[in-house]
Ligand code: SIN
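And the structure:
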């Protein structure tokens, strides 16, 4: 399978003169070098954003960020997105604290299972930012898959079949699989207290195009995952299920993926319009602490 020609990664051809991009995998992902997030100039930020849209997921190592630095970077992309799961941190309502203590044992962690962020919302997040503070010595990697590349690799016949279909995105399965109750009856995931304010609305969800078009680049991508995509408008469940299962398998083929090993101080950004991601629960005995912010998106088209 020929994924991208080598020129796809050429900094000079891509116009990146104020930073360097170092691809993580053939399908997607790139490390950005030569930037310090808090002091990025506007010109450098434009290239940073362009790199995100090109590689779908980018990361910067060795950043010493405060919550305010992360909030400021988030706001350079747009307004804060709605987080449907938590109420944020004291004094930082738009920062989600992802924490699993060394002593915690759970069957599932937040973000486990292939997904795109909160697609059950009418305007799902455009971009997510995740900053790693305490990182296990091994395990706790995150995986992403390139949903635009997955779309490109479908046959013309399948592309025609999917054109115009709308997928039902609902949080029903995510809540059933991930959320449990602690001794006081509070809803939690790992060590995080959930605030499922709009649970009924999250379960009702929204119908979005199964093939969506990126609002900036015009690239088409599959908008389907294993957690939230639970039906197709106008199709019976027994008709929709095999198609969704096939597409979810296809979009998460190994060829379309990259995998990041975190280090303390790594900041990752991903574009929810064009990639899926998944967390792993393979670091019992070690603390993992991250801070997450999201940028508001648009109605998928
Ligand atoms: C997420 O899905 O946002 C969390 C990813 C991770 O913790 O690796």
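In the working numbering, the protein residues as written are 26 to 326. The beta-carbon is built from N, C-alpha and C at its ideal position, and this holds for glycine as well.
Quick check: the Cα distance between residue i and residue j, rounded to an integer number of angstroms?
i: residue 54; j: residue 241; result: 18 Å
i: residue 264; j: residue 186; result: 13 Å
i: residue 284; j: residue 135; result: 17 Å
i: residue 61; j: residue 95; result: 12 Å
i: residue 133; j: residue 34; result: 36 Å
i: residue 147; j: residue 254; result: 14 Å
i: residue 358; j: residue 163; result: Outside the shown range of the chain, which is 26 to 326, sits residue 358, and nothing can be said about it.
i: residue 224; j: residue 143; result: 12 Å
i: residue 180; j: residue 89; result: 45 Å
i: residue 91; j: residue 324; result: 31 Å
i: residue 28; j: residue 51; result: 7 Å
i: residue 86; j: residue 280; result: 25 Å
i: residue 39; j: residue 231; result: 36 Å
i: residue 211; j: residue 42; result: 50 Å
i: residue 106; j: residue 32; result: 34 Å
i: residue 183; j: residue 227; result: 30 Å
i: residue 258; j: residue 103; result: 31 Å
i: residue 138; j: residue 234; result: 21 Å
i: residue 73; j: residue 44; result: 8 Å
i: residue 327; j: residue 64; result: The displayed coordinates of the chain run from 26 to 326. Any statement about residue 327 would go beyond what the structure contains.
i: residue 267; j: residue 192; result: 13 Å
i: residue 161; j: residue 294; result: 20 Å
i: residue 110; j: residue 145; result: 12 Å
i: residue 152; j: residue 260; result: 30 Å
i: residue 154; j: residue 218; result: 20 Å
i: residue 159; j: residue 239; result: 33 Å
i: residue 178; j: residue 206; result: 42 Å
i: residue 282; j: residue 124; result: 25 Å
i: residue 30; j: residue 301; result: 22 Å
i: residue 79; j: residue 305; result: 25 Å
i: residue 168; j: residue 286; result: 9 Å
i: residue 308; j: residue 118; result: 28 Å
Mind checking residue i: buried by the 16 CB within 10 Å criterion, or exposed?
i: residue 120; result: buried
i: residue 116; result: exposed
i: residue 84; result: buried
i: residue 108; result: buried
i: residue 209; result: exposed
i: residue 100; result: exposed
i: residue 128; result: exposed
i: residue 296; result: buried
i: residue 26; result: exposed
i: residue 288; result: exposed
i: residue 317; result: buried
i: residue 93; result: exposed
i: residue 173; result: buried
i: residue 229; result: exposed
i: residue 256; result: buried
i: residue 76; result: buried
i: residue 175; result: buried
i: residue 244; result: buried
i: residue 298; result: buried
i: residue 59; result: exposed
Thinking C-alpha only, which one of the options is nearest residue i?
i: residue 204; options: 213, 128, 197 and 194; result: 213
i: residue 130; options: 311, 149 and 315; result: 311
i: residue 247; options: 256, 229, 276 and 122; result: 276
i: residue 166; options: 74, 320, 322 and 303; result: 303
i: residue 3; options: 237, 140 and 305; result: Residue 3 is absent from the model: the chain starts at 26 and stops at 326.
i: residue 319; options: 93, 149 and 268; result: 149
i: residue 326; options: 158, 188 and 260; result: 188
i: residue 48; options: 37, 157, 59 and 82; result: 82
i: residue 156; options: 322, 178 and 313; result: 313
i: residue 290; options: 315, 306 and 305; result: 315
i: residue 273; options: 305, 170 and 298; result: 170
Give the DSSP bridge partners of residue i, in chain order.
i: residue 193; result: 232 and 256
i: residue 159; result: 314
i: residue 84; result: 56 and 293
i: residue 43; result: None, per the DSSP bridge assignment.
i: residue 124; result: 314
i: residue 304; result: 137 and 167
i: residue 107; result: In DSSP, residue 107 forms no bridge with anything.
i: residue 246; result: 237
i: residue 319; result: 153
i: residue 117; result: 114
So that I know if they touch, is there some Cβ in chain B lying closer than 8 Å to that of residue i?
i: residue 46; result: Although the question refers to chain B, the structure presented lacks it and comprises just one protein chain.
Three or more C-beta pairs below 8 Å linking the segment 189-201 and the segment 245-252 | Short answer: they touch.
May I ask you to verify whether the segment 63-76 touches the segment 103-114, counting CB pairs closer than 8 Å and requiring at least 3?
-> Between the segment 63-76 and the segment 103-114, the count of C-beta pairs closer than 8 Å stays below three; the two stretches do not touch.
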